[in-house]
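Novice: Residue numbers (our numbering): 323 to 569.
Please read through the structure below; I'll follow up with questions.
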Ligand code: MLT
């Protein structure tokens with residue numbers, strides 16, 4: 323049994339995730355926003371890396387129920403319907419819609435996990451549901467990759483803490499010694515131990531939280547720590563995120 327954590331998609335190859343269960347986290351904010359979109363009834367989310375690619379895909383879909391969603395430097399991309407704020411994901415705006423989404427770190431992390439199976443979208447807001455799904459996949463495959471989006475190709479505290487919390491939740495009680503952990507997984511577990519179950523404290527301590535607060539998105543940081551407010555598990559497959567489990 324093994325658990326590997328990657329603090330960013332850098333250095334992770336498709337071979338590292340191929341046919342393995344992968345859990346992707348970008349607590350501030352992309353995976354939190356994806357969870358919020360499904361909680362408000364979005365039909366699906368198409369994560370893409372570049373803004374021009376998002377525009378091309380949205381145009382090729384040729385129907386009215388498509389929304390362009392995304393940010394650069396935290397702000398909504400000019401010409402896009404919505405930014406990357408979980409609070410924008412209201413039933414009125416996203417219910418029944420296909421969201422073509424591009425963010426600086428989060429959507430590239432999701433697409434980097436393409437070869438995984440299943441690819442689970444995790445956040446604090448769906449922590450229990452995503453951890454249950456990851457535990458099930460781990461029990462079956464005896465391995466799990468936890469991929470953090472990180473921040474601008476660097477380590478991000480809020481994602482590392484989340485990775486540690488998910489790793490804790492997945493490792494069967496009393497069996498930590500029988501699970502092989504890479505160094506990043508060991509570090510993530512230490513960070514999770516340091517903050518315990520205090521999501522707010524861990525997330526608010528991060529540089530991303532400080533930057534979001536600085537540019538006026540402090541409430542998104544709060545929204546990102548509403549633990550278990552959403553009982554759903556978005557899964558990424560064939561370039562599309564959908565919700566499989568409404569439990
Ligand atoms: C990202 O995907 O880069 C982040 O979610 C950035 C943000 O906070 O909007």
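Each residue gets a CB set at the ideal place from its N, CA and C atoms; glycine is no exception.
(1) Give me the Cβ distance between residue 447 and residue 354, rounded to the nearest whole Å; I'm assuming they're in contact under 8 Å.
(2) When the Cα atoms are used, what is the spatial distance from residue 527 to residue 519?
(3) Which residues does DSSP list as the beta-bridge partners of residue 339?
(4) Does the beta carbon of residue 351 fall short of 6 Å from some heavy atom of the ligand COA?
(5) Among the candidates 496, 538, 481, 556, whose CA atom is the shortest distance from the CA of residue 522?
(6) Quick one: is the Cβ of residue 406 within less than 6 Å of any heavy atom of the ligand MLT?
(7) Quick one: what's residue 470 bridged to in DSSP?
(8) Quick check on the burial criterion: 16 or more other C-beta atoms within 10 angstroms. Buried or exposed for residue 431?
(9) DSSP three-state call for residue 568: helix, strand or coil?
(10) Is residue 392 helix, strand or coil by DSSP?
(11) Kindly indicate which residue of 525, 459, 444, 495 has the alpha-carbon position closest to the one of residue 483.
(12) Flag this pair as yes or no: are the beta carbons of residue 373 and residue 424 separated by less than 7 Å?
(13) Compare the beta carbon distance of residue 389 and residue 419 with 7 Å and say whether it is the shorter of the two.
(14) Please indicate yes or no: does the CB of residue 505 lie closer than 6 Å to some heavy atom of the ligand MLT?
(15) In terms of residue numbering, what span does the beta strand (DSSP E) encompassing residue 429 cover?
(16) Which residue from 537, 490, 462, 359 puts its Cα closest to that of residue 409?
(17) I need the DSSP call for residue 502, collapsed to helix, strand or coil.
Specialist: Quick answer:
(1) Sure, about 6 Å apart at Cβ, within 8 Å.
(2) 14 Å
(3) Residue 339 pairs with nothing; no bridge assigned.
(4) Among the ligands in the structure shown, the ligand COA does not appear; only the ligand MLT can be found there.
(5) 481
(6) yes
(7) 347
(8) buried
(9) Low per-residue confidence applies at residue 568: pLDDT is 44, beneath 50, and the placement is therefore not dependable, though the value from the model is reported in the following sentence. Note: residue 568 maps to strand in three-state DSSP.
(10) strand
(11) 525
(12) yes
(13) yes
(14) no
(15) Taken as a continuous stretch (DSSP letters only), residue 429 belongs to no beta strand (DSSP E), being part of the alpha helix (DSSP H) at 428 to 434.
(16) 359
(17) strand
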